[in-house]
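Q:
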Amino acid sequence: MSGWWIAFQGIVAREVLRFVHQRERFLGALVRPLVWLFVFAAGFRAALGIAIIPPYETYIPYETYIVPGLIGMIQLFNGMQGSLSMVYDREMGSMRILLTSPLPRGFLLLARLLGGVVVSVLQVAAFLLIVRLYGIDLPAWAPLTVLPALLLNGLMLGALGMVLASTIRQLENFAGVMNFVVFPLFFLSSALYPLYRMEEAGPLLWWLCSLNPFTHGVELIRFAMYGQVDGQALAVVAGATLLFAALAVRGYSPARGMGSRAPSAAG
1 MSGWWIAFQG IVAREVLRFV HQRERFLGAL VRPLVWLFVF AAGFRAALGI
51 AIIPPYETYI PYETYIVPGL IGMIQLFNGM QGSLSMVYDR EMGSMRILLT
101 SPLPRGFLLL ARLLGGVVVS VLQVAAFLLI VRLYGIDLPA WAPLTVLPAL
151 LLNGLMLGAL GMVLASTIRQ LENFAGVMNF VVFPLFFLSS ALYPLYRMEE
201 AGPLLWWLCS LNPFTHGVEL IRFAMYGQVD GQALAVVAGA TLLFAALAVR
251 GYSPARGMGS RAPSAAG
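Per full-length UniProt numbering: the sequence shown = residues 1 to 267.
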């Protein structure tokens with residue numbers, strides 16, 4: 001067990017140190033949500049009134065509504081950044097070497113995944129500090145009650161990123177993944193507007209948003225910030241996390257994923 005713990009610490013510490021030494025990555029993670037908060041929210045405030053919907057007990061400003069969605073944005077892009085890192089590691093050989101260790105493949109991927117989740121939580125903590133300084137009214141206990149939701153949502157999005165990394169063969173293909181995966185996940189969700197607004201726009205759009213696991217991740221965060229649990233969102237996020245994790249482990253099997261490139265490299 002000591003060997004497992006040492007390996008786990010090393011993998012997680014590597015991800016955190018990489019994040020600490022990449023200041024541009026930290027600033028980039030904050031620029032996207034802050035632009036939405038400071039610029040777009042000001043324009044949408046008058047056009048998009050928010051009715052009283054759970055977990056809110058009164059009418060709220062639009063800026064308050066989108067904070068959970070912007071937190072989800074941070075974790076979503078962090079998960080995709082993690083998948084880009086996995087592709088890079090595969091090209092450079094470090095992940096292939098890591099996966100040849102005697103430790104179970106699933107354990108190694110889980111450690112890598114948890115390292116990415118820790119990084120996303122650090123990014124969210126910095127964002128919440130800026131939100132408070134900006135004057136948005138949030139419960140005082142929100143940073144504590146939201147932590148379990150951040151961990152679970154981060155695991156789901158990180159596992160999804162690993163699934164994508166197991167299918168991407170070249171770094172050049174990552175831009176296409178961003179266009180066809182990340183943006184639909186974000187915009188077809190409740191991150192920027194409530195689902196009842198989507199239903200008013202059309203039943204098909206509401207149906208797509210309801211099936212989007214990122215929608216349930218955002219709602220899990222939204223309710224957790226107010227000390228509540230959305231049972232449906234919890235079930236969907238937990239189920240999606242298990243599914244994506246299983247697919248990621250399968251994708252990185254010796255006969256698939258990274259291992260499939262070994263013959264061509266030898267040739």
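For each residue, glycine too, the CB sits at the ideal point set by N, CA and C.
Values in this document were obtained by computation on a predicted structure and should not be read as measured data.
In three-state terms, what does DSSP make of S190?
A: The count along the sequence shown starts at 1 and reaches residue 190 at position 190. Of the three classes helix, strand and coil, the one that applies to S190 here is coil, per DSSP.
Q: Using DSSP with H/G/I as helix, E/B as strand and the rest coil, what is Q232?
A: As a working mapping, residue 232 is identified with position 232 in the sequence shown. Q232 falls in the helix class under three-state DSSP.
Q: My output table needs one value for T241: the three-state DSSP class, helix, strand or coil.
A: For this step, residue 241 is matched to residue 241 along the sequence shown. Residue state, collapsed to three classes: helix.
Q: Pull up the distance between the alpha-carbon of V237 and that of A149, whole angstroms please.
A: Start at 1 with the first residue of the sequence shown, and residue 237 comes out as number 237. Start at 1 with the first residue of the sequence shown, and residue 149 comes out as number 149. Rounded to the nearest angstrom, the two C-alpha atoms are 9 Å apart.
Q: By the three-class DSSP mapping on this structure, what secondary structure does W141 have?
A: Numbered from 1 along the sequence shown, position 141 holds the residue referred to as residue 141. W141: coil per DSSP, three-state reduction.
Q: Is V182 near G154, with beta carbons less than 7 Å apart?
A: For the purposes of this step, residue 182 is identified with residue 182 of the sequence shown, where counting begins at 1. For the purposes of this step, residue 154 is identified with residue 154 of the sequence shown, where counting begins at 1. Their beta carbons are not under 7 Å apart, which means V182 does not touch G154 by this criterion.
Q: Where does L208 fall in DSSP's three states?
A: Translated into positions along the sequence shown, residue 208 becomes position 208. In the structure shown, the three-state DSSP call for L208 is helix.
Q: For Q123, report the span of its alpha helix (DSSP H) as first-last.
A: The residue labelled residue 123 in the question sits at position 123 within the sequence shown. Counting along the chain, the alpha helix (DSSP H) containing Q123 begins and ends at 105 to 134.
Q: Ignore the nearest five residues each way along the sequence and tell me which others in G267's own chain have a CB closer than 7 Å to its CB.
A: Here residue 267 is taken as the residue at index 267 of the sequence shown, counted from 1. Confidence at G267 is low in this model, with a pLDDT of 35, below 50, so its placement is unreliable and no value can be given for it.
Q: Taking the alpha-carbon positions, what's the F214 to V119 distance?
A: For the purposes of this step, residue 214 is taken as residue 214 along the sequence shown, with counting starting at 1. For the purposes of this step, residue 119 is taken as residue 119 along the sequence shown, with counting starting at 1. Distance between the alpha carbons of F214 and V119 is about 19 Å.
Q: Roughly how many whole angstroms lie between the Cα atoms of L205 and L188?
A: Within the sequence shown, numbered from 1, the residue matching residue 205 stands at position 205. Within the sequence shown, numbered from 1, the residue matching residue 188 stands at position 188. Near 8 Å, if we compare the C-alpha coordinates of L188 and L205.
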